[in-house]
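K.L.:
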Ligand code: APR
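Residue numbers (my numbering): 1 to 235.
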């Protein structure tokens, strides 16, 4: 079999079938919380307790969640393809499913970092970040999350990964948040096929590559697509 490089770019929708709410759907997180109050550097500065509590709740919830058939199908492709996952999600369900190369664009829920030195990153045991917890440089710890208005340090490495793709699969993202959404334009050339699995209508207006939209939820559409690609690439 011709071993292809498959890059999978995921958003909140890939974890929706595991019971984690997305952000912008009608029942999404941003319908219940104001971004400015829980997910910005200003919020952390002026209302630390609320930000820490918000992520403590997300972390507590995520500890009860398990990968769904979509995550598992993505991981299974490693048996016959060179697979890299780029996720906007802060959960670790791709890792739990067995994906070995996962790049987190927007940080990771199960890690904290120093407010002063972004390179001092620590795994957290359990769900609770205590408000008085500090890093070894003495600075308060904060969630290892990229807030709105902050730079996205993993964006450049992610672009390089996308540029290597023979096939790009996009799952469960509204493609509404930048720079993440622009990753789809970093494919090598106009021939690279893009497959999109999403029950909604992400913003694909500017995509010029061959695009197949599988309008299914992740736990159904991703295993179908993986099976289809496995059969096609085996020919
Ligand atoms: N399976 C697959 N996709 C689904 C499912 C499902 N069961 N349910 C909903 N979706 C799709 C929606 O149709 C939508 O296109 O998931 C997408 C979710 O979009 P958003 O809520 O905008 O999530 P995402 O694109 O990941 O958000 C990007 O925004 O708030 C920030 O940092 C946060 O990483 C996040 C970023």
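Positions of the beta carbon are idealized from the N, C-alpha and C atoms, including for glycine.
The model shown is predicted, which means the values in this text are computed figures rather than measured ones.
If we count the other Cβ atoms within 10 Å of its Cβ and call it buried at 16 or more, is residue 191 buried or exposed?
P.N.:
exposed
K.L.:
Can you grab the Cα-Cα spacing for the pair residue 61 / residue 110, in whole Å?
P.N.:
12 Å
K.L.:
DSSP on residue 82, reduced to helix/strand/coil?
P.N.:
strand
K.L.:
Could you tell me which whole beta strand (DSSP E) segments of length 3 or greater appear in the segment 133 to 207?
P.N.:
141 to 145, 167 to 171, 194 to 197
K.L.:
Decide if the segment 81 to 99 is in contact with the segment 124 to 138; the criterion is three or more beta carbon pairs, one per stretch, under 8 Å apart.
P.N.:
no
K.L.:
Going by DSSP, what residue range makes up the beta strand (DSSP E) through residue 107?
P.N.:
107 to 114
K.L.:
Using 8 Å as the threshold, is the C-beta distance between residue 218 and residue 16 below it?
P.N.:
Taking 8 Å as the Cβ cut-off, residue 218 and residue 16 qualify as a contacting pair.
K.L.:
Buried or exposed for residue 73, please, with buried defined as at least 16 other CB atoms from any protein chain shown within 10 angstroms of its CB.
P.N.:
buried
K.L.:
For residue 120, report the span of its beta strand (DSSP E) as first-last.
P.N.:
Annotation for residue 120: no beta strand (DSSP E) segment contains it, and DSSP assigns it neither H nor E.
K.L.:
Please report the residue range of the alpha helix (DSSP H) in which residue 23 lies.
P.N.:
Where residue 23 is concerned, there is no enclosing alpha helix (DSSP H), given that its DSSP letter is neither H nor E.
K.L.:
Grouping DSSP H, G and I as helix and E and B as strand, with all else coil, what is residue 236?
P.N.:
The displayed coordinates of the chain run from 1 to 235. Any statement about residue 236 would go beyond what the structure contains.
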